[in-house]
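**Student:**
Residue numbers (the numbering used here), protein chains in the order written: chain A, 25 to 461; chain B, 25 to 461.
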């Protein structure tokens with residue numbers, strides 16, 4: 025943290041510290057705002073201002089003039105402890121934080137965003153959560169979700185199970201959005217839960233006026249109090265703050281790089297909508313696992329040597345052989361159309377079969393059923409031992425194979441697990457109607 | 025073709041031949057229909073009936089009873105030649121056929137589907153095409169599109185250029201749907217065309233009452249007569265036969281395994297709609313390249329050693345090293361979110377940079393802009409030399425890198441090509457609004 029090199033000198037020369045309100049003029053344009061602390065890995069040329077609009081800008085100090093407007097307060101990250109006294113009339117919800125944008129807190133004095141090292145920080149930043157429940161916070165990881173991996177999925181599942189065993193009435197998992205749907209699928213397979221487990225995140229950090237963090241967290245707490253005892257994913261339903269949707273954790277996918285309504289149920293409807301603190305089923309007749317008093321079951325053995333390979337015109341068969349030779353235990357193919365790949369891969373797929381390495385076919389179309397019985401290529405791929413998994417999306421299929429190979433070494437058993445619906449990941453045959461919804 | 029084994033014996037015993045109308049009874053249920061020829065790779069247990077509904081069913085002959093209803097005509101694939109006399113008032117449109125469902129013809133006597141070995145067959149199956157234009161047909165390939173590869177893209181581009189040089193006023197390329205969008209992107213980069221080039225296909229073969237083949241072909245011929253001198257992709261807009269959409273060939277993707285409206289413009293609007301033989305722009309102000317009298321330009325040099333790699337939680341850096349070691353000249357990563365991959369890949373990405381192998385980042389979200397300047401991981405990936413390509417979809421990015429590396433060996437030049445809009449593949453910054461449309 026902090027400035028270095030030329031930007032440090034530039035600030036020192038003007039007598040400016042982090043938190044001061046300053047005016048910077050460059051190329052005849054002036055910007056006024058609060059000087060923010062830099063995030064990790066600062067270069068030595070840029071300073072960051074938080075403008076009145078709430079947005080942050082970086083300015084190259086070369087050729088810029090700085091002027092102190094108002095001396096700011098010193099940064100203060102030590103907020104007073106909250107009164108965490110337990111209200112016996114409210115349910116106990118645990119927030120398990122793994123990191124990501126939603127798990128960042130703003131220092132309101134400087135406007136800087138810092139990772140929330142404890143979930144208590146999350147509550148301090150969002151005290152309204154306490155209106156809905158007694159909140160217990162635990163930060164088990166502090167990583168950006170692009171760095172998530174199966175080992176961390178298992179750690180998260182164990183923490184969730186611990187919280188349930190310790191009496192939590194529902195769990196919220198705070199997570200970065202990049203790979204949130206992989207984790208929500210993984211938790212679904214690893215946990216047989218008697219209470220709701222709701223994975224959530226944010227597309228805008230809470231220092232942005234347009235942040236979705238707060239509404240997603242509050243809506244997730246509402247879902248965690250509900251009767252839906254599955255692992256679900258809760259995020260904005262639309263670009264504005266109209267309501268949130270609760271998606272089945274195995275049938276959801278990040279579909280847009282920036283929009284707040286980026287998460288979409290694929291080949292199914294979302295389970296529920298959460299609007300102004302109230303949860304309503306999207307389809308009154310929909311099936312979901314109901315809250316119970318049973319014990320949580322944890323199945324956290326995973327096989328990490330699994331690959332997800334996307335097929336493309338010109339793909340070489342060597343890539344399959346490479347994974348066989350490197351000791352991979354399973355392969356998920358993201359094929360084209362109904363579940364195809366170029367025929368030049370067939371001998372290597374046969375080799376995988378002969379090596380007892382299950383290969384599972386999905387479709388890069390994302391929407392719709394895989395069906396390898398329609399065209400001759402598909403039938404040849406089936407003959408090479410490749411497993412079809414109906415309308416399961418590629419990401420969930422990868423996660424499920426990582427999990428299935430952790431449960432058994434028997435390949436026939438793995439095949440059976442992959443083709444059997446366990447946590448809503450394989451849906452109705454009539455899923456054609458749920459296209460781009 | 026034909027039956028073998030037990031199904032052959034079963035038919036012989038009942039005196040039944042292909043084309044006969046028969047009644048099959050099994051488990052107290054009877055089916056009546058025309059006995060079809062089998063497609064390739066028949067097993068020896070099933071026969072195929074075309075029912076009155078137009079649908080085909082397969083029946084296991086074990087335990088079935090067959091009864092001849094009416095002796096059918098012998099199959100006749102030799103249809104009379106059409107009067108192909110040229111109407112000087114109509115434009116000349118060439119149909120270049122590469123294979124796939126749209127390029128199949130039905131033997132109306134037997135109901136069997138055969139690949140159209142010449143495009144004349146296509147016209148015989150769809151004589152209404154001649155109302156719109158003088159049709160010249162050429163079958164240059166007969167493959168299922170999952171077997172397409174860069175070498176065939178180049179062959180297709182050369183054939184299209186030949187047809188234009190020979191005076192065609194517009195081109196329709198018939199193609200399987202699995203990888204049609206990869207080919208439409210490739211033709212866009214390889215061809216600078218003065219006339220429309222329209223790629224089309226079908227989701228249902230023309231022996232199905234619900235076939236989209238005919239409407240897609242007719243609409244494509246209408247588009248090929250228009251003023252839009254780009255490589256576009258024309259397919260059904262909705263599940264029913266309401267109208268077709270003309271998509272920009274570099275910004276379109278197959279999004280559903282079975283639906284007829286599977287192709288969707290990503291991060292942009294379609295260029296035009298074609299309804300009842302009339303083409304209308306979707307946005308009157310949209311830019312497109314207009315028909316001209318200039319010569320077609322062909323740039324068909326491609327570099328086949330390019331890989332498309334999808335990132336996933338747990339991906340190992342070795343996969344990057346593998347492609348470097350195998351002599352790959354370029355890599356497209358399909359990252360998560362705004363364009364991220366796990367940080368454990370960074371040293372291998374550095375190694376690619378040091379080996380003059382361009383690595384280009386896209387997003388598996390598909391929709392939205394890649395922006396690696398928002399989070400620390402993204403900035404580290406940029407420092408490792410990875411190239412960002414804005415809102416270009418992964419499939420088009422792969423195709424473009426195959427093409428760019430064919431144009432120059434200068435890595436800086438490749439980077440510049442990748443980040444410059446050439447054929448509509450890089451769009452407006454405001455593409456957020458074009459989500460799931």
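Glycine residues also receive a C-beta, built at the ideal position from the N, C-alpha and C atoms.
Small disclaimer: the values here were computed from a predicted structure and weren't measured.
(1) Residue 238 of chain A lies in the alpha helix (DSSP H); which residues open and close that run?
(2) Assign residue 87 of chain B to buried or exposed, taking buried as 16 or more other Cβ atoms, counted over all protein chains shown, within 10 Å of its Cβ.
(3) Strictly under 8 Å for the Cβ-Cβ distance: is residue 361 of chain A near chain B by that measure?
(4) In the structure shown, what three-state DSSP assignment does residue 360 of chain B receive?
(5) In the DSSP assignment, find the unbroken beta strand (DSSP E) run with residue 80 of chain A in it and report its ends.
(6) Relative to the alpha-carbon of residue 192 of chain B, which residue among B/120, B/239, B/198 has its alpha-carbon at the smallest distance?
(7) Spatial neighbours of residue 124 of chain B within its chain, please: CB distance less than 6 Å, with the 5 preceding and 5 following residues excluded, ordered by chain position.
(8) Can you pull the chain A residues whose beta carbon is under 8 Å from the beta carbon of residue 367 of chain B, in chain order?
(9) Can you say whether residue 308 of chain A is buried or exposed, counting buried as having 16 or more other CB atoms within 10 angstroms of its CB?
(10) Who are the near neighbours of residue 132 of chain A in its chain, counting only those whose CB is closer than 8 Å to its CB and skipping five residues on each side?
(11) Check the C-beta distance from residue 423 of chain A over to residue 206 of chain A and give it rounded, since I have them as a contact under 8 Å.
(12) Closest Cβ-Cβ distance between residue 399 of chain B and chain A: below 8 Å?
(13) Report the residue ranges of all beta strand (DSSP E) runs contained in full by the segment 37-68 of chain A; include only those spanning at least 3 residues, in chain order.
(14) Could you list which residues in chain A have their beta carbon closer than 9 Å to that of residue 392 of chain B, in chain order?
(15) Under 8 Å between C-beta atoms, does residue 203 of chain B make it to chain A?
(16) Say whether the segment 322-342 of chain A touches the segment 295-314 of chain A, bearing in mind that this needs 3 or more beta-carbon pairs closer than 8 Å, one atom from each stretch.
(17) If residue 275 of chain A and residue 448 of chain A are in contact, beta carbons under 8 Å, what's the gap, nearest whole angstrom?
(18) Do residue 363 of chain A and residue 395 of chain A have their CB atoms nearer than 8 Å?
(19) Check whether chain B comes within 8 Å of residue 100 of chain A, counting only Cβ atoms and requiring the distance to be less than that.
(20) Cβ atoms of residue 450 of chain B and residue 414 of chain B: under 8 Å apart, would you say?
(21) Compare the beta carbon distance of residue 327 of chain A and residue 354 of chain A with 8 Å and say whether it is the shorter of the two.
(22) Of all the alpha helix (DSSP H) runs that stay within the bounds of the segment 357-432 of chain A, which reach a length of 4 or more residues?
(23) Residue 358 of chain B touches chain A at which residues, Cβ-Cβ below 8 Å?
(24) For the segment 235-250 of chain B and the segment 337-352 of chain B, state whether three or more C-beta atom pairs, one from each stretch, are separated by less than 8 Å.
(25) Should residue 267 of chain A be flagged as near chain B, meaning a C-beta pair shorter than 8 Å?
(26) From residue 38 of chain B to residue 239 of chain B, what distance separates their C-alpha atoms?
(27) Just to make sure I have the definition right: I need the residues of chain B whose C-beta is within less than 9 Å of the C-beta of residue 342 of chain A. Which are they?
(28) Counting only the same chain and skipping the five closest in sequence on each side, list residues whose C-beta sits under 7 Å from that of residue 313 of chain A.
(29) Determine the contact status of residue 208 of chain B and residue 257 of chain B, defining contact as a CB-CB distance below 8 Å.
(30) Rounded to whole angstroms, what's the CA-CA distance from residue 54 of chain A to residue 385 of chain A? Just pull it up for me.
(31) With a threshold of 16 other CB atoms inside 10 Å of the CB of residue 68 of chain B, please say whether the residue is buried or exposed.
(32) Quick one: Cα of residue 322 of chain A to Cα of residue 185 of chain A, how far?
(33) Starting from the Cα of residue 222 of chain B, find the closest Cα among B/190, B/181, B/229, B/235 and give me that residue.
(34) Identify the continuous beta strand (DSSP E) that holds residue 259 of chain A and give its terminal residues.
(35) Check each residue of the segment 409-441 of chain B: if its Cβ is closer than 9 Å to any Cβ of chain A, include it; give the result in chain order.
(36) Would you call the segment 89-97 of chain B in contact with the segment 26-45 of chain B, where contact means no fewer than 3 C-beta pairs closer than 8 Å?
**Tutor:** According to the structure data:
(1) 237-248
(2) exposed
(3) yes
(4) strand
(5) 80-84
(6) B/120
(7) 169, 199, 200, 225
(8) 170, 171
(9) exposed
(10) Per-residue confidence for residue 132 of chain A stands at a pLDDT of 49, beneath the threshold of 50, marking its modelled position as unreliable; the derived number appears in the next sentence. Nothing listed; no residue qualifies.
(11) 6 Å
(12) yes
(13) 45-50, 53-60
(14) 279, 280, 281, 282, 283, 286
(15) yes
(16) no
(17) 6 Å
(18) yes
(19) Only weak support exists for where residue 100 of chain A lies, its pLDDT of 48 falling under 50; the coordinates are left without a value.
(20) yes
(21) yes
(22) 370-378, 400-407, 418-431
(23) 334
(24) no
(25) no
(26) 40 Å
(27) 346, 350
(28) 253, 254
(29) yes
(30) 56 Å
(31) exposed
(32) 7 Å
(33) B/181
(34) 255-260
(35) 415, 418, 419, 422, 423, 426
(36) yes
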